[in-house]
Amino acid sequence: MTQPSKLRRQIAHQAARMLYDRQESEYYHAKMKAARRVQRGWVKEADLPTNAEIRDEVQSMARMFEGDNRLDHLLTMRLEALRMMKVLQRFRPKIVGSVLTGHVRKGSDIDLHVFTDSMSAVTATLEAEGIRYDVQRKHVNKPGAEGIYTHIHIREEYPLELTVRATKEASIVSKSSITGKPQERMSIAEFEQFLAETYDEIEYAEGLAAVENQVDRFLQYEALLLPLENVKQSPKWHPEGDALYHSLQVFDLARDHLPYDEEFLLAALLHDVGKGIDPHDHVQAGLEALGDEITQRTHWLIAHHMEASLVVDGTIGARAKRRLKESEDYEELILLARCDREGRKVGVETSELEEAIDYLRQLSYECDAW
Numbered sequence: 001m002t003q004p005s006k007l008r009r010q011i012a013h014q015a016a017r018m019l020y021d022r023q024e025s026e027y028y029h030a031k032m033k034a035a036r037r038v039q040r041g042w043v044k045e046a047d048l049p050t051n052a053e054i055r056d057e058v059q060s061m062a063r064m065f066e067g068d069n070r071l072d073h074l075l076t077m078r079l080e081a082l083r084m085m086k087v088l089q090r091f092r093p094k095i096v097g098s099v100l101t102g103h104v105r106k107g108s109d110i111d112l113h114v115f116t117d118s119m120s121a122v123t124a125t126l127e128a129e130g131i132r133y134d135v136q137r138k139h140v141n142k143p144g145a146e147g148i149y150t151h152i153h154i155r156e157e158y159p160l161e162l163t164v165r166a167t168k169e170a171s172i173v174s175k176s177s178i179t180g181k182p183q184e185r186m187s188i189a190e191f192e193q194f195l196a197e198t199y200d201e202i203e204y205a206e207g208l209a210a211v212e213n214q215v216d217r218f219l220q221y222e223a224l225l226l227p228l229e230n231v232k233q234s235p236k237w238h239p240e241g242d243a244l245y246h247s248l249q250v251f252d253l254a255r256d257h258l259p260y261d262e263e264f265l266l267a268a269l270l271h272d273v274g275k276g277i278d279p280h281d282h283v284q285a286g287l288e289a290l291g292d293e294i295t296q297r298t299h300w301l302i303a304h305h306m307e308a309s310l311v312v313d314g315t316i317g318a319r320a321k322r323r324l325k326e327s328e329d330y331e332e333l334i335l336l337a338r339c340d341r342e343g344r345k346v347g348v349e350t351s352e353l354e355e356a357i358d359y360l361r362q363l364s365y366e367c368d369a370w
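Take 1 as the starting number for the sequence shown in the numbering used here and just add one per residue.
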């Protein structure tokens with residue numbers, strides 16, 4: 001029979017692994033599943049690790065697999081949280097969770113509580129700022145926290161989760177599910193003071209300026225792609241219809257081949273954006289519009305996708321083909337051309353534009369590829 005102390009550590013490790021790998025999102029469920037997996041039967045309450053023990057194990061994994069990199073974006077995440085709190089100021093927002101405490105890891109989101117009796121007032125505020133969101137109502141059934149909770153998920157460079165609570169709950173401090181003590185939380189004023197005391201003045205000022213001046217490149221991509229829905233193409237070469245439908249077909253095909261190559265997938269989705277600007281020279285028009293919002297590799301793939309089509313056809317000159325083959329990205333360029341050729345089918349079901357953008361945004365965040 002496994003000794004209790006060892007059993008407790010084993011359960012904590014298994015639960016932490018589930019949380020770290022995103023197999024589970026709740027400590028309670030991870031703990032109970034881990035207990036069943038380790039013990040294969042009933043486990044005494046005394047042998048179950050606390051949430052704090054599991055959190056410490058998760059942090060050990062983060063240090064092991066991510067090193068100090070896990071803290072590289074902590075200041076930026078905190079400043080992004082402050083920016084969103086100011087957007088939602090009328091709802092008396094409080095920051096809670098790992099971004100406040102510093103227990104971040106790869107995939108951590110920003111957790112805010114907002115207080116209102118009108119859910120639509122919050123969503124209207126987000127919409128007025130051009131912020132995309134999803135609403136989730138989640139039924140929680142665990143000791144001490146039963147009920148239905150409303151969350152608003154915001155997908156930006158650093159994902160945010162807003163928990164919407166009633167106005168009367170603003171003064172109520174809940175117990176932390178991890179420590180069992182009153183939950184750490186801060187208002188805008190408290191958080192600003194905390195940041196000013198925690199960080200060097202210059203580092204804080206530069207970080208704040210960067211967050212306030214940042215441009216969401218994914219929204220720029222979307223803005224360039226949306227007009228393609230009205231770009232009708234020659235039925236001879238594009239029987240599928242408009243240029244946006246074609247671009248989404250190409251993106252889906254590219255994702256089937258190289259699902260984790262953000263630069264390649266961006267080239268697949270954006271290769272025809274110039275058709276909404278100058279259909280007579282859509283490649284150059286698209287590249288000028290994208291500017292510095294794409295990498296050199298994505299730029300090269302888009303710039304040469306028409307020549308690659310000639311390679312696939314076998315009609316390109318030998319010298320031009322040799323020049324293309326000198327690039328280490330030649331194989332991906334030919335794959336892009338093949339996806340471009342295949343993405344011209346009538347009636348094929350594709351991803352929605354928002355789904356494609358969200359996939360790329362999440363890929364960029366998880367892989368830190370930008």
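Heads up, the beta-carbon is just placed ideally off N, CA and C, and yes, glycines get one too.
Just so you know, these numbers come straight off a predicted model, no measurement behind them.
If you follow the beta strand (DSSP E) that Leu162 is part of, which residue opens it and which one closes it?
For Leu162, the enclosing beta strand (DSSP E) begins and ends at 160–165.
Do the segment 310–323 and the segment 282–291 touch if we need at least three Cβ pairs shorter than 8 Å?
No, the segment 310–323 does not touch the segment 282–291.
What residue from Ser327, Val346, Ala166 has the CA that sits closest to Pro235's CA?
Per the C-alpha coordinates, the member of Ser327, Val346, Ala166 positioned closest to Pro235 is Val346.
For Ile357, which three-state DSSP category applies?
Correct three-state label for Ile357: helix.
Who are the Cβ neighbours of Gln10 in its own chain at under 6 Å, not counting the five residues just before and after it?
For Gln10, where only same-chain residues beyond five positions count, the Cβ hits under 6 Å are Val38.
Could you give the DSSP three-state label for Val114: helix, strand or coil?
In the structure shown, Val114 sits in a strand (DSSP, three-state: E or B).
Give the DSSP-derived three-state secondary structure of Asp109 in the structure shown.
Collapsing the DSSP output to three states places Asp109 in coil.
Quick check on DSSP: helix, strand or coil for Tyr199?
In the structure shown, Tyr199 adopts coil according to DSSP, grouped into three states.
At 3 residues or longer, what runs of the beta strand (DSSP E) sit wholly inside the segment 48–120?
The qualifying runs are 94–96, 110–115.
Taking Ala16 as the reference, which of Ala121, Arg217, Ala30 has the closest Cα?
It is Ala30.
From which residue to which residue does the alpha helix (DSSP H) around His282 run?
First-last of the alpha helix (DSSP H) with His282: 282–290.
Helix, strand or coil: how does DSSP classify Arg22 here?
Three-state result, Arg22: coil.
Considering only their Cβ atoms, is the gap separating Glu80 from Ile110 smaller than 8 Å?
Yes; because the gap between Cβ atoms is below 8 Å, this pair is in contact.
Is Tyr260 helix, strand or coil when you go by DSSP?
In this structure, Tyr260 counts as coil in the three-state DSSP scheme.
Taking three-plus beta-carbon pairs below 8 Å as touching, is the segment 226–242 in contact with the segment 182–190?
With the cut-off at 8 Å, the segment 226–242 and the segment 182–190 do not touch.
At the level of alpha carbons, what is the spacing between Leu336 and Asp216?
Rounded to the nearest angstrom, the gap between the Cα atoms of Leu336 and Asp216 is 25 Å.
Answer yes or no: does any C-beta atom of chain D fall closer than 8 Å to that of Gly276?
Of the protein chains in the structure, only one exists, and it is not chain D.
Cβ-based burial, Arg255 [other Cβ within 10 Å; buried from 16]
By the 10 Å Cβ count, Arg255 comes out buried.
Segment contact, 8 Å Cβ cut-off, at least three pairs: the segment 222–230 with the segment 269–278
They touch, by the three-pair rule.
What first and last residue would you give for the alpha helix (DSSP H) that runs through Thr298?
For Thr298, the enclosing alpha helix (DSSP H) starts and ends at 296–303.
What's the gap between the Cα of His103 and the Cα of His304?
Each residue's Cα considered, the two are about 45 Å apart.
Could you compute how far the alpha carbon of Gln296 sits from the alpha carbon of Ser364?
A straight line joining the alpha-carbon of Gln296 with that of Ser364 spans about 16 Å.
DSSP-derived helix/strand/coil call for Pro182
In this structure, Pro182 counts as strand in the three-state DSSP scheme.
Does the separation of the CB atoms of Gly207 and Leu75 fall below 8 Å?
Against a cut-off of 8 Å, the Cβ pair of Leu75 and Gly207 comes out as a contact.
Whose CA, out of Phe91, Ser98, Asp134, lies closest to the CA of Val122?
Checking every option, the nearest Cα to that of Val122 belongs to Phe91.
Let's test the definition: count the other Cβ atoms within 10 Å of the Cβ of Ile357 and tell me whether it reaches 16, buried, or not, exposed.
Only buried fits Ile357, as 16 or more other CB atoms lie within 10 angstroms of its CB.
Using a threshold of 8 Å, state whether the C-beta atoms of Glu307 and Ile316 are closer than that.
The Cβ-Cβ distance between Glu307 and Ile316 falls below 8 Å.
Between which two residues does the alpha helix (DSSP H) containing Val38 stretch?
If you look at Val38, you'll find it in the alpha helix (DSSP H) that goes 27–39.
Can you name the start and end residues of the alpha helix (DSSP H) that Ile334 belongs to?
First-last of the alpha helix (DSSP H) with Ile334: 330–342.
Which same chain residues, not among the five before or five after Asp329, have their C-beta less than 8 Å away from its C-beta?
Hits under 8 Å: Arg297, Trp300, Leu301.
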